[in-house]
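Under my numbering, the first residue of the sequence shown is numbered 1, with each subsequent residue one higher.
Think of the CB as a built atom: it goes at the ideal place given N, C-alpha and C, for glycine as much as any other residue.
This structure is a prediction, so every number in the text was calculated from the model and none was measured.
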Amino acid sequence: MKREVLPEKEFAPTVADEIVTSILEVLEEQDRCSICLSGGTTPAAIYRLLGLPPRFGEVPWKRISFYWGDERFVPAEDARNNSRMVHDTLLHQFRNTPLPSVYPIDTSKGSAAAAAADYEQVLLRSGLFREKGKGFDIVLLGVGEDGHIASLFPQSKGESDKPEHELSPERLVVSCHHPTDGSERITLTPRALFAGPRVFFLVTGAAKQPIVERIFSHPELSPQEIPALYSKDAAGEVLWFIDQHAGGDL
Ligand code: 6PG
């Protein structure tokens, strides 16, 4: 797995530059660029930089389509909502600039399952998954301390019932519960996350050092144990951006 360990202060600028470079490469080949955004806290600094000069002026945002890798089943205005985080860090900057197309997961539906079914239709209507080996042009993912990605959580040992994304691997979006606080989540499945040409993992902080160590020392472990290892079956390139604290002795 390709990785780049970066000094803390260089992490966000380097990743923001890599995202801009990748967007422009995609737009040399096709009219639009689809980006599946990560939630959580790590990407916030990167999204802020994308919304400021010089990078903000380098991207033809009206040719960009934003999607989300997962969402907490909370109202859009809730501070825990991932689409709100992207609005507060990046989308609020679009005043007179032509807007990107934005497809947040609609959590106003009656249940997380209904929100997942609705977003499945959004992705199917996008045409991005019409051909095998096609998906989002760029996917951004964080990693939890337990190795989860999006809201794909480790399966605890002896867990009898398989998670929905394993029961229905053809699905692009499913609903689930957070394993510790039980909160309802909507998440893209490994099929949706890893179908495209490039995935960037974004990992910072000393708290992530143990899971980063396990991922890179034991790639043979199962994705059911460490969901970040679903990336082993990615159709495209997977690049890990890790800061010095999470990178440890890598
Ligand atoms: C979410 C994210 C989740 C996140 C990881 C890492 O909804 O929280 O999709 O998968 O990327 O939990 O979170 P941090 O970036 O906050 O460490």
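Original post:
How close, in whole Å, do the beta carbons of phenylalanine 153 and aspartate 146 come, if the pair is a contact with beta carbons under 8 Å?
Top reply: Sure, about 7 Å apart at Cβ, within 8 Å.
Original post:
Thinking C-beta only, is isoleucine 186 closer than 8 Å to tyrosine 119?
Top reply: Taking a C-beta distance under 8 Å as the contact criterion, tyrosine 119 and isoleucine 186 qualify as a contact pair.
Subject >> Residue burial classification, glutamine 209 (beta-carbon count within 10 angstroms, cutoff 16) >> reply: Burial call: buried.
**OP:** Check whether the stretch 166–181 touches the stretch 13–30, counting contact only when three or more Cβ pairs, one atom from each stretch, lie closer than 8 Å.
**Re:** The answer is no - the stretch 13–30 does not touch the stretch 166–181, with fewer than three Cβ pairs under 8 Å.
**OP:** Using 7 Å as the cut-off, classify the Cβ of threonine 42 as near or not near the heavy atoms of ligand 1, replying yes or no.
**Re:** Yes; taking the cut-off as 7 Å, the Cβ of threonine 42 has a heavy atom of ligand 1 nearer than that.
**OP:** Count the CB pairs spanning the stretch 78–91 and the stretch 123–142 that are closer than 8 Å, and state whether there are at least three.
**Re:** Touching, no.
Original post:
Going by the CB atoms, is the gap between proline 100 and phenylalanine 66 shorter than 8 Å?
Top reply: Contact flag set, yes.
Subject >> phenylalanine 194: first and last residue of the uninterrupted alpha helix (DSSP H) it sits in >> reply: For phenylalanine 194, no alpha helix (DSSP H) run applies, since DSSP gives it neither H nor E.
Original post:
Given that a residue counts as buried once 16 or more other Cβ atoms are within 10 Å of its Cβ, and exposed if not, what is serine 156?
Top reply: So serine 156 ends up on the exposed side.
Subject >> beta strand (DSSP E) segment containing arginine 3, residue limits >> reply: Bounds of the beta strand (DSSP E) holding arginine 3 are 2–6.
Original post:
Is the closest heavy atom of ligand 1 to the C-beta of histidine 148 under 7 Å?
Top reply: It does: the Cβ of histidine 148 is within 7 Å (strictly closer) of some heavy atom of ligand 1.
**OP:** Give me the Cβ distance between glycine 135 and alanine 192, rounded to the nearest whole Å; I'm assuming they're in contact under 8 Å.
**Re:** Indeed they touch by this definition, with Cβ atoms about 7 Å apart.
Subject >> Inter-residue spacing [alpha-carbon to alpha-carbon] between tryptophan 240 and serine 38 >> reply: Approximately 14 Å between the Cα atoms of the pair.
Original post:
Mind checking whether the beta-carbon of valine 143 lies closer than 7 Å to any heavy atom of ligand 1?
Top reply: Checking the Cβ of valine 143 against ligand 1 gives yes.
Original post:
Short check: CB of glycine 57 to CB of cysteine 36, under 8 Å?
Top reply: For the pair glycine 57 and cysteine 36, the CB atoms are not nearer than the 8 Å cut-off.
Subject >> arginine 55 Cβ short of 7 Å to ligand 1 heavy atom set >> reply: Not under cutoff, so the answer is no.
Original post:
Quick one: what does DSSP say arginine 80 is sitting in, helix, strand or coil?
Top reply: Residue state, collapsed to three classes: coil.
Subject >> Pairwise C-alpha distance: glutamate 213 and serine 231 >> reply: Taken atom to atom, the span from the alpha-carbon of serine 231 to that of glutamate 213 is near 16 Å.
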